[in-house]
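Presented below is the structure to which this report refers.
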Amino acid sequence: MSHGWLSKVEKSLEEVKNDMQEFLLLQEKIINLNYNNYDEIRDFIIHEYVEQKLSPDMKQTFLHILSQSVNIKPQKFPLYKTLVLNIFSHPSAKNNVKMTKLQIQNCNWTHDYYELLINISDSPPDENDAKNNSKFLKYSQQSTDIGNQVHEALLDDNIDKFQELYSQNEIRDLKISINMMNINFAGDFLTLFEAAALYSASNIFNFLWIQQTEDENDQLHEQLFFCAIAGGNSEILIPLENFFLKRNNNLAKNDQVIYDEHCLNIALSFHNYDVVDYIHNNFKIPYNMDILLSCLEYNNIISFISIIQEIPYILKNVKTMKRLIITAFKVGELRLAKFLVEFCPDTIDLDALYDDSPNGDNPLHYAISYNCTDLIKYLVGSGKMSIYRRNKLGYSPKETARLYQSLDAAKYLDLLIPEETQAKEKPKKVIIVVD
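Mapping to UniProt numbering: the sequence shown position 55 is 55, numbers consecutive.
The following block contains the structure:
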């Protein structure tokens, strides 16, 4: 592997980080959203992205980062849902960030948000709907009011409020159901102990730990450990790691009993970068194609870049690159998709690189469906892809632009393909996919 090639990869990764810096900051703000900083972050997003007229590529990137970021910390769903309501109910949203049904689907909004966005009308809905009528958080054996108070205490790690609830109400057996929209590692309900680990509420966790009896400690399940990985708080994770190792004293760290690839995926999905590094470096869990695919699926750009920097040779693997490229386009990680295309091995025919969905789109069709003209110009202008190649359902690039109402992409294609030329074009072989 030549030094020149490695230098080119490193330089390109730095360009990706620089290009994505603004949106990584936005993602960080959303990840760290809480009741105390809610107004500040909501106003920042509205001012920077909703009240401004964004370019097609900027709009797509903003919507994609937003749609994925509000899934990273599922315990914050009531706050996130209120944020989405505020953003898309703003008067400027109709002209600047409004989406069609197809565009909502194309940004990979999960079902709860999809229903919300479809139903938003011109009159702003009650933002309290997100907190009080959420089907996302469910509580067992207690009223919704008590459950919501416990949720708020956990989210802010408010030990005083939690202890007050703990002393005045019989909440010891309260269980919380959280819809894990990124990666599912929990059962139907979490105990308060598990919820404290997931919410990264170290003060509340330590309080509950003191309440545990020895018999209860013996019954602790690995789900608690998974919750601690998802929470990402070392003050909770390391003591639990030591506890489980001590309880299973016949096993050693080097046997990788405590941490495995599943644990690494949990840390990746919750964007706990320090935990990712800790598991990889201390327990020798290797990076591979599946881990990189997880980064793409969980919108974890920082870990993706870090892993490529550590194992750049993986870009030479044809099978891996095929999977990474089509996945990056499919999940909407378009800046990373462009990077991967830049280092695509010559033996890969991008025109014939279809995904496994019924549409069978290739990278260009995906770029068109996202209305990202800069990426379309790169794919076509560099000679990497043809503007005539149809997807597996027989749609041409121009027809895909019309289907997704990608107006900017359609205008660009009109300049390259006059209507009469498009009409005379001989169709490629069409594969009809039947359910």
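Virtual Cβ for every residue (Gly too), placed ideally from N, Cα, C.
| Check | Outcome |
| --- | --- |
| C-alpha distance - Leu240 paired with Leu220, whole-angstrom precision | 10 Å |
| Per DSSP, the bridge partner or partners of Ile87 | Paired residue(s): none; Ile87 is not in a bridge. |
| Local conformation of Ser177 per DSSP, three classes | strand |
| Reference Leu190, options Glu164, Leu79, Leu224 and Leu63, closest by Cα | Leu224 |
| Cβ shell of Asp274 (< 6 Å), same chain only, five flanking positions each side left out | none |
| Exposed unless 16 or more other CB atoms sit within 10 angstroms - verdict on Glu333 | buried |
| Asp112 versus Asp355: straight-line alpha-carbon distance, rounded | 26 Å |
| Burial state of Leu192, where buried means 16 or more other Cβ atoms lie within 10 Å | buried |
| Thr373, DSSP secondary structure in three states | helix |
| Local Cβ density within 10 Å of Pro238, reported as buried at 16 or more and exposed below that | Looking at the sequence itself, residue 238 is Ile, so the reference to Pro does not match. With fewer than 16 other Cβ atoms within 10 Å, it is exposed. |
| DSSP-derived helix/strand/coil call for Leu190 | strand |
| Of the residues Arg172, Pro345, Gly383 and Ile176, the one placed nearest Leu155, counting alpha carbons only | Ile176 |
| Where Ala401 falls, given that 16 or more other Cβ within 10 Å makes a residue buried | buried |
| Option in Ala228, Glu235, Asn248 and Ser234 with minimal Cα separation from Cys263 | Ala228 |
| Closest residue to Met289 among Asn203, Ile236, His365 and Phe304 (Cα-Cα distance) | Phe304 |
| Reduced DSSP secondary structure (H/G/I, E/B, other) of residue 507 | Residue 507 is absent from the structure shown; the chain starts at 1 and stops at 435. |
| As assigned by DSSP and simplified to three states, the class of Phe77 | helix |
| Straight-line Cα distance separating Ile307 from Trp5 | 17 Å |
| Collapsed DSSP secondary structure at Asn119 in the structure displayed | helix |
| Asp218, buried or exposed, once every other Cβ within 10 Å from all chains shown has been counted against 16 | exposed |
| CB of Pro74 within 8 Å of CB of Ile178, strictly | yes |
| Gln68 classed as buried or exposed, judged by whether at least 16 other C-beta atoms fall within 10 angstroms | buried |
| N-terminal and C-terminal residue of the alpha helix (DSSP H) that Tyr412 is part of | Leu407 to Leu416 |
| Buried versus exposed, by CB contacts within 10 Å (16 or more), Asp361 | buried |
| Sequence-distant residues of its chain with Cβ nearer than 8 Å to Val97 (five each side left out) | Tyr49, Val50, Leu54, Lys59, Phe62, Leu63, Ile87 and Phe88 |
| Beta-carbon separation (whole angstroms), Tyr404 vs Asn106, contact threshold 8 Å | 7 Å |
| Beta-carbon proximity of Phe270 to Ala230, cut-off 8 Å | yes |
| Three-state secondary structure (DSSP) of Lys98 | coil |
| Nearest-angstrom Cα separation, counted from Ser369 out to Asn282 | 42 Å |
| Neighbour-count burial assignment, Pro363, 16 or more Cβ in a 10 Å radius | buried |
| Residue of Leu315, Asn18 and Phe185 minimising C-alpha distance to Ala267 | Phe185 |
| Minimum C-alpha distance to Asp408 - residue among Ile376, Gly383 and Gly381 | Ile376 |
| Three-pair Cβ contact test at 8 Å for the segment 18-38 versus the segment 344-353 | no |
| Beta-carbon spacing of Tyr313, Thr373 below 8 Å | no |
| Inter-residue spacing [alpha-carbon to alpha-carbon] between Glu261 and Pro91 | 45 Å |
| Delimiting residues of the alpha helix (DSSP H) encompassing Gly360 | Element bounds for Gly360: n/a, residue is neither H nor E. |
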